[in-house]
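Written below as structure tokens is the structure these notes are about.
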Amino acid sequence: MPQDPAERRVTVTGPPRRTRRTPGYYRPRTEIDEQTTLGHTYVRSLMRTQLRAALTVFAVLVLLVGPLPLLFAALPDARRLEWAVLGFALYAPLVLLARWYVRRAERNERDFVRLVEDR
């Protein structure tokens, strides 16, 4: 039996305009934006990991450069040795240390973004 044109239904397909949240589902990005306690915990966790990396680099730097004044004081006639150590011998370890720190900091940030983006 043919339907009346006034009674015919039209189905519109397309992306939904609103999505319903399932109970218990949370968005870490929203928690951070709204500055809730959980968002504060996320940011504090990132800051703690970045601080840990920075303190590690600082400790290695202190162990590497700290004893040099004592070494130079023990060898008073070694001006050329001082310049060689300061100019050449420290350059490679400092570059490697800086490179390690940058990679570690970027990895920490990448892990944080992955956590926040729910990927």
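Counting in our numbering, the sequence shown runs from 27 upward without gaps. Every residue, glycine too, gets a C-beta built ideally from N, C-alpha and C.
Residue state for A115 is assigned as helix, using DSSP reduced to three classes. The alpha carbon of R125 has as its nearest neighbour, out of L107, A79, R53 and G113, the alpha carbon of A79. Straight-line spacing of the CA atoms in V38 and E57 works out to 34 angstroms. Relative to E135, the option among G113, R74 and E108 whose CA is nearest is R74. Approximately 24 angstroms separates the beta-carbon atoms of P41 and V142; this is outside 8 angstroms, ruling out the contact. Contact between V88 and L123 is ruled out by a C-beta separation of about 11 angstroms, above the 8 angstroms threshold. With respect to the 8 angstroms criterion, Y127 and V69 are not classified as neighbours on the basis of their beta carbons. Not a single unbroken stretch of the beta strand (DSSP E) spanning 3 or more residues falls wholly within the stretch 51-89. Separation of the CB atoms of L90 and P119 is rounded to 6 angstroms, and the pair is thereby assigned contact status at 8 angstroms. Between A115 and Q76, the C-beta gap is not smaller than 8 angstroms, which leaves the two residues out of contact.
For L123, the secondary structure class from DSSP, reduced to helix, strand or coil, is helix.
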